[in-house]
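Novice: A single structure is presented below for examination.
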Ligand code: 9RB
Ligand code: ZN
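In my numbering, the protein residues as written are -19 to 353.
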């Protein structure tokens, strides 16, 4: 078999327009417009590196379809679907809800294709057509809430695919591991009271959304203990991320024993990212992927699906993404990360005491994740 791989040209055409960083451009006020942070380059260049490196030759291309109303309604309100559809018909498009999640005319169809990409990857894994899968989708999904988009996200790609996995493939317990550098608040909110979904998010402490993703947020009611947040201090690098995987993520998964692992795979914890202050390199992304693959092999017949989220360094995301996809495919191309030699050695890559303290707290909470009966 093979590793499934989702891409669609329209992902590169999702139009987020221009802004001046976090404010609207306004020339006379001194705010020169630039491309929106969530621009196509980091994703199209990853897709092109997958092709040029030859890695694509060993993958099974999966063609996404637009998520249907029925699929999106497993997570979202009808009012959200209708608002996005209506604004998508306007000549200049609209915004998914918070003012930071713009889309152009036709954006509804591209956002549905993005959620549909996560669904296609998940279905291929669950139907045994591929060993595992990577969905290189855009726009991202992990901030989207049932009633609105948020933080560049329109629909909750991973959560929708998870609910489809339940409804159509009889999946019971599943885990979402979110290593995007921002808190996976949407996924957390959607599954907060769900005892069958373990939602783990590793993120930069108190960045985006503000005041979200604290250690104390642990789920509610029957879902108590099935939300696990690891809010790392800014400056965390490979040592901290590998320690989180070893001491928190893998032990939590081993207790929970999911039937499927989904990864909200952002690359914005990379050391060159403009939207966060972490220091991860392709070396750690490769190792983290290997650890999850091994865990999936032990716990759930290797069933694991990666869905792309954030990551904004157009030069470095492609090498981080290639490391993940090579690891999923069990291969190594002749293309090496040209920056790893430099970036793996910069000061602060080793686990620091103040990082270890947070990780120890999260590890204790991982010990309270409800075990499979
Ligand atoms: C603004 C705020 C943000 C900040 C970061 C992201 C990253 C998303 C991502 C999105 C929106 C706040 C402009 C807060 O990569 N997710 O994975 N917006 N931040 N307040 N204000 C005024
Ligand atoms: Zn992010």
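Virtual Cβ for every residue (Gly too), placed ideally from N, Cα, C.
Output the residue ranges of the beta strand (DSSP E) runs that lie fully inside the segment 204 to 239 and measure 3 residues or longer, sorted by chain position.
Specialist: 207 to 212
Novice: Where residue 239 and residue 149 are concerned, what is the direct C-alpha to C-alpha distance, given to the nearest angstrom?
Specialist: 11 Å
Novice: Could you name the residues, in chain order, whose CB is less than 6 Å away from a heavy atom belonging to the ligand ZN?
Specialist: 160, 161, 162, 246, 248, 289 and 290
Novice: Over the uninterrupted alpha helix (DSSP H) stretch that includes residue 322, give me the two end residues.
Specialist: 320 to 323
Novice: For residue 201 and residue 207, I'd like the C-alpha separation in whole angstroms.
Specialist: Computed Cα separation, rounded: 12 Å.
Novice: What residue range does the beta strand (DSSP E) around residue 40 cover?
Specialist: 39 to 42
Novice: In whole angstroms, what separates the C-alpha of residue 329 from that of residue 215?
Specialist: Roughly 8 Å between the two C-alpha positions.
Novice: Just to check, is the beta-carbon of residue 190 closer than 8 Å to a non-hydrogen atom of the ligand GTP?
Specialist: The ligand GTP is absent from the structure shown, which contains only the ligand 9RB and the ligand ZN.
Novice: Sort 318, 323 and 217 by Cα distance to residue 358 and report the nearest one.
Specialist: With the chain covering -19 to 353 only, the question about residue 358 has no answer from this structure.
Novice: Can you tell me which of the three DSSP states residue 193 falls into?
Specialist: coil
Novice: Identify, in the order they occur along the chain, each residue of the same chain with its Cβ nearer than 7 Å to the Cβ of residue 276, setting aside the five sequence neighbours on each side.
Specialist: 241, 282, 283 and 284
Novice: Are the CB atoms of residue 160 and residue 248 nearer to each other than 9 Å?
Specialist: yes
Novice: Out of 123, 194, 178 and 120, state which residue places its alpha-carbon closest to the alpha-carbon of residue 234.
Specialist: Of the listed residues, the one whose Cα sits closest to residue 234 is 178.
Novice: Is the beta carbon of residue 77 sitting closer than 9 Å to the one on residue 46?
Specialist: no
Novice: Which of the three DSSP states is assigned to residue 75 in this structure?
Specialist: In this structure, residue 75 counts as strand in the three-state DSSP scheme.
Novice: Would a C-beta distance cut-off of 9 Å place residue 124 and residue 137 closer than the cut-off?
Specialist: Yes, the pair counts as a contact, with Cβ atoms nearer than the cut-off.
Novice: Please report the straight-line C-alpha distance between residue 57 and residue 100, rounded to a whole angstrom.
Specialist: The straight-line gap separating the alpha-carbon atoms of residue 57 and residue 100 is approximately 22 Å.
Novice: Name the two residues that bound the continuous beta strand (DSSP E) containing residue -12.
Specialist: Element bounds for residue -12: n/a, residue is neither H nor E.
Novice: State the start and end residues of the unbroken alpha helix (DSSP H) segment that holds residue 49.
Specialist: 49 to 52
Novice: In angstroms with no decimal places, state the Cα-to-Cα distance between residue 115 and residue 133.
Specialist: 15 Å
Novice: Please determine, among 174, 144 and 190, the residue with the shortest C-alpha to C-alpha distance to residue 162.
Specialist: Scanning 174, 144 and 190 for the CA closest to the CA of residue 162 turns up 190.
Novice: Tell me the start and end of each unbroken beta strand (DSSP E) in the segment 96 to 154 that is at least 3 residues and wholly inside, in chain order.
Specialist: 112 to 115
Novice: Residue 66 to residue 315, Cα distance in whole Å?
Specialist: Roughly 44 Å between the two C-alpha positions.
Novice: Suppose the cutoff is 8 Å on Cβ atoms and the five residues either side in sequence are ignored; what does the same chain contact list for residue 313 look like?
Specialist: 33, 34, 35, 302 and 306
Novice: So, are the CB atoms of residue 309 and residue -18 less than 9 Å apart?
Specialist: yes
Novice: Between residue -7 and the ligand 9RB, is the CB less than 8 Å from at least one heavy atom?
Specialist: Residue -7: no, Cβ never under 8 Å from the ligand 9RB.
Novice: May I ask which residues mark the beginning and end of the beta strand (DSSP E) holding residue 299?
Specialist: First-last for residue 299: 297 to 309, but that is the alpha helix (DSSP H), not the beta strand (DSSP E).
Novice: Does the distance from the CB of residue 298 to the CB of residue 25 come in under 9 Å?
Specialist: yes
Novice: Just to confirm my understanding: we take residue 203, look at its own chain, exclude 5 residues before and 5 after, and list those with CB closer than 6 Å. What are they?
Specialist: 172, 173, 174 and 175
Novice: Starting from residue 179, trace the beta strand (DSSP E) both ways and give me its first and last residue.
Specialist: Counted as a single uninterrupted DSSP element, the beta strand (DSSP E) harbouring residue 179 occupies residues 177 to 184.
Novice: One question on the structure: do residue 64 and residue 49 come within less than 9 Å of each other, judged by their Cβ atoms?
Specialist: No, the pair does not count as a contact, with Cβ atoms beyond the cut-off.
Novice: In whole angstroms, what is the alpha-carbon distance linking residue 155 and residue 236?
Specialist: The alpha-carbon of residue 155 is positioned some 8 Å away from that of residue 236.
Novice: By the three-class DSSP mapping on this structure, what secondary structure does residue 252 have?
Specialist: Assignment of residue 252 by DSSP, reduced to helix, strand and coil, places it in the coil class.
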